[in-house]
Amino acid sequence: MNKKIIIGNWKMNKTFTETVEFLDKFSKIYREKSDLIASNLNFGIAMPYTNLAAFKQNKVSDLKLSAQDVSMHNKGAYTGEVSISMLKDLDVEYVVLGHSERRTYHKETNELVNNKAKIALENGITPIICVGETLQEYEKGLTKEVVKEQIEGSLKDLDLTKIILAYEPIWAIGTGKVATPEIAQDICEYIHSITSDDLIVQYGGSVSPKNIAELYQQKDIDGFLVGGASLEPDSFMQLLTLGK
17 MNKKIIIGNW
27 KMNKTFTETV
37 EFLDKFSKIY
47 REKSDLIASN
57 LNFGIAMPYT
67 NLAAFKQNKV
77 SDLKLSAQDV
87 SMHNKGAYTG
97 EVSISMLKDL
107 DVEYVVLGHS
117 ERRTYHKETN
127 ELVNNKAKIA
137 LENGITPIIC
147 VGETLQEYEK
157 GLTKEVVKEQ
167 IEGSLKDLDL
177 TKIILAYEPI
187 WAIGTGKVAT
197 PEIAQDICEY
207 IHSITSDDLI
217 VQYGGSVSPK
227 NIAELYQQKD
237 IDGFLVGGAS
247 LEPDSFMQLL
257 TLGK
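Numbering (my numbering), first residue to last: 17 to 260.
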């Protein structure tokens with residue numbers, strides 16, 4: 017897999033105004049350092065719904081727009097939901113699905129994630145499907161069993177060449193803990209072995225400019241889903257340039 021992709025997941029951070037400021041600062045940095053980014057790297061940001069329209073002011077054509085979730089309903093009496101057609105109208109290219117925070121706080125199931133992924137694909141938006149184990153599951157040696165179950169349910173009947181899978185060990189998300197490059201490589205290699213070498217597999221979980229270079233070297237890691245380190249233009253650019 018030669019193609020790499022980094023998506024910054026802002027979660028519930030930044031107002032519309034702060035997003036406009038970020039895009040302005042990032043565009044200036046990008047003009048100065050774009051030649052340091054590998055030609056095979058795609059990159060983007062998954063923003064809160066309220067900030068997606070700010071992307072209309074984005075001046076970096078290579079920076080792709082992602083949403084953090086989508087409704088499984090296209091329209092109707094679903095208060096608080098945002099449909100795939102609404103995302104498509106804003107030129108969203110990716111959508112994060114099944115993040116552990118959605119699975120935990122909103123009880124999202126593999127079946128629901130799978131249905132949302134199918135809706136995204138039907139509308140030309142690439143789903144980034146998240147899987148990962150808890151600390152308790154990791155300590156019990158159940159990582160591969162848990163990940164396999166999530167993959168079998170969430171990726172059922174999907175074209176693996178048109179989706180992205182993000183392996184995010186829950187115990188490493190926002191904790192400052194990070195799976196060693198060896199652990200991350202082992203699980204990403206396992207994921208390829210039970211799916212396809214053509215599937216793009218990202219690693220996520222406390223990825224930062226301090227550890228991304230070593231993670232980049234692992235042959236089965238095709239990119240990253242990054243949290244806090246994507247919130248500032250300078251650190252986000254560092255993530256993009258350290259892999260060249």
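A virtual CB, placed ideally from N, CA and C, is assigned to each residue, including glycine.
- Query: Rounded to a whole number of angstroms, what is the C-alpha to C-alpha distance between Leu128 and Thr120?
  - Reply: 13 Å
_Within a Cβ cutoff of 7 Å, which residues of the same chain sit near Tyr94, ignoring the five residues on either side of it in sequence?_
Ser87
Buried or exposed by the 16-neighbour rule on C-beta atoms within 10 Å, applied to Lys20:
buried
**Asked** Tell me, which residues are paired with Ala83 by DSSP?
**Response** Met63, Val111
request  = Report the three-state DSSP secondary structure of Tyr46 (helix, strand or coil).
outcome  = helix
Note to self: Would you call the segment 182 to 198 in contact with the segment 152 to 164, where contact means no fewer than 3 C-beta pairs closer than 8 Å?
What the structure shows: yes
At the level of alpha carbons, what is the spacing between Leu39 and Ile22?
17 Å
Can Tyr46 and Val76 be called in contact, C-beta distance under 8 Å?
yes
Inset, instruction - Can you grab the Cα-Cα spacing for the pair Thr125 / Gly148, in whole Å? - result: 13 Å
| field | Collapsed DSSP secondary structure at Leu57 in the structure displayed | value | strand
*Spatial distance of Cys204 from Ala188 (CA atoms)*: 15 Å
Name the two residues that bound the continuous beta strand (DSSP E) containing Leu256.
Not the beta strand (DSSP E): Leu256 falls in the alpha helix (DSSP H), residues 249 to 257.
Quiz item: Terminal residues of the continuous beta strand (DSSP E) containing Ala245?
Solution: Neither: Ala245 is in no beta strand (DSSP E) and is coded neither H nor E.
**Inter-stretch contact at 8 Å, needing at least 3 Cβ pairs: the segment 26 to 39 / the segment 61 to 74** = yes
(Q) By alpha-carbon positions, which one of Ser101, Lys80, Ala83 ends up nearest to His89? (A) Ser101
- Query: Do Pro64 and Leu113 come within 8 Å of each other at the CB atom, strictly closer than that value?
  - Reply: no
Check: In or out: Thr159 buried (at least 16 other Cβ within 10 Å) or exposed?
Finding: buried
Can you name, in chain order, every residue of its own chain whose Cβ lies under 7 Å from the Cβ of Glu230, other than the five neighbours on each side?
Pro197
Query raised in the report: What span of residues does the beta strand (DSSP E) with Gly169 cover, start to end?
Result: Note, Gly169: premise wrong, no beta strand (DSSP E); alpha helix (DSSP H) at 159 to 170.
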